[in-house]
Structure formats: structure tokens, C-alpha cells
Amino acid sequence: EAGVTQFPSHSVIEKGQTVTLRCDPISGHDNLYWYRRVMGKEIKFLLHFVKESKQDESGMPNNRFLAERTGGTYSTLKVQPAELEDSGVYFCASSPMTGIDEQFFGPGTRLTVL
Amino acid sequence: GDSVTQMEGPVTLSEEAFLTINCTYTATGYPSLFWYVQYPGEGLQLLLKATKADDKGSNKGFEATYRKETTSFHLEKGSVQVSDSAVYFCALTTSGTYKYIFGTGTRLKVLA
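Heads up: the sequence lines are chains A and B, in that order.
Numbering-wise (my numbering), the first sequence opens with residue 1 and increments by one.
Numbering-wise (my numbering), the second sequence opens with residue 1 and increments by one.
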């Protein structure tokens, strides 16, 4: 069974540019989460999808971040325009719908904004 | 709000040394507690978990006991190996929410 995959693994962009991160969850997992780790600090929750619906987006830092999950499969996280403080590692995770509390994480996308 | 505090790293040990990584938490209600590990170039993997007080999670020689009285979930291993070199994250979830609250992570380096 394939795990959670994320693309790209690294992205280097200039301030003001747009970047789109993609996450493919484990097949059949209805729950999809985005997290971010900035500058070696704690990993912070960004948002949670159940299928294609946003269940909780309380961690989204501002309206420069837009997450989508069309059709309830893969998800994208777009940052537009990117700022220096957006640099960090963005993790995606997924879990089944059946109340299991373990989340399965992808390897992350390292974003560097210059 | 809920939070997790874990010891700062990096921690450098010789092979076969004893490992302790401290983790304490603040939470309303009764959280479930987790240790995740991130090996170089990989995603976070669940190492062990405990869902109620006095539960002990264990896996791959690692152990952690859910201590409600001290609000702690310290990670221990009796004899570390070079292959244990990784970043270890302590985390919690509380009832009714799916999101994890993570600590800052502790990098462990084991020398041969």
C-alpha cells in the first residue's frame, strides 16, 4: 500500500511568487491534514479535510493560504503571494474515517522563500 | 490552550547508551499521547502511543508511560543504536478533535 506522497520535495521561490504544494493521501483515507514546521519549531496544525469539505481551518495563518481537495482525493495548498515567514516544512497526513487516531504522514515539502 | 513541551536537542549518545527524552503536556480533558519519529528523508512515523493514564506504549525497544499525575510521557530506550538517529516528536490529541498538538522535536544522534 502506497503511503502519503507530497510534491515537490523542495521548492525555492522568491518573495511575492506563488507556490502550490500537492498531497496525495493513502487511498481510501477520508481525513486529510496539513501541518507546518517553521524554523525547527513545533509542527503546527493548519487544516483538516473530511473528504472534500474543510472540517477545521483554524490553523491557517492568513488569507494568502488556500487549500483545496477537489473530489476528496488529493489536496493542494497554495501560497500567494509568498512571504519570507512562510518558509518551513509543510507536512500532509491522512487517516481513515473510522475513528482511528493515528495519522499517516508524508515526507513533507521544504519551502524556502528568498 | 493545549501544549506539549519536550526537551531541547540535539541529544548525542554513544551506541548502547540509555536514552530519555522528556515530554510534558498541558491539556483540558483526557488527551491521547503519541511519540512520532522522523528518520532522515522520510515522513513522520508513529512510534508508540497511550490513550489513558498509566498506559505504557512500546515499540522497537522504546517505551513511554502516560503519567497523569506529572502530566508526562517521557520516551526511554535501554540501549540505543546508530539506526535510532532521528528526530522524535511528542504529540497529543484531545477528545473530539483530530488535530495533533506537537512539541518542538528532539534530534537524536547516536555515534558508533
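Backbone N, C-alpha and C define an ideal beta-carbon position, used for all residues, glycine too.
Fair warning: this is a prediction, and the values are worked out from it, not measured in the lab.
Item	Value
Quick one: is S94/A buried, meaning 16 or more other Cβ sit within 10 Å of its Cβ, or exposed?	buried
Is it right to say T93/B is buried, meaning 16 or more other beta carbons lie within 10 angstroms of its own, or is it exposed?	buried
Against chain A, does G61/B count as a neighbour if the rule is that its beta carbon must be under 8 Å from one of theirs?	no
Compare the C-beta of Y33/A with all C-beta atoms of chain B and state if any pair is closer than 8 Å.	yes
Rank D84/B, D54/B and S83/B by C-alpha distance to the C-alpha of H74/B and give the top, closest one.	D54/B
Could you name the residues of chain A that G96/B contacts, counting a contact when the two beta carbons are closer than 9 Å?	None at all; the shortest Cβ gap to chain A is about 11 Å.
Could you spell out the range, first to last residue, of the beta strand (DSSP E) harbouring H48/A?	I43 to V50
Along chain B, which residues have their Cβ under 8 Å away from the Cβ of G106/A?	G43
List the residues of chain B whose Cβ lies closer than 7 Å to the Cβ of I13/A, in chain order.	Under the 7 Å cutoff, chain B gives no residues; its nearest Cβ is about 22 Å from I13/A.
By alpha-carbon positions, which one of V50/A, T70/A, D101/A and V79/A ends up nearest to N63/A?	V79/A
Out of S79/B, K52/B and Y98/B, which has the shortest C-alpha to C-alpha gap to K54/A?	Y98/B
Below 8 Å between beta carbons: does that hold for A91/B and V4/B?	yes
At 7 Å on the CB atoms, spell out the chain A contacts of T93/B, in chain order.	D101
Kindly indicate the opening and closing residues of the beta strand (DSSP E) around K109/B.	T106 to L111
Is the beta carbon of I26/A less than 8 Å from the beta carbon of G3/A?	yes
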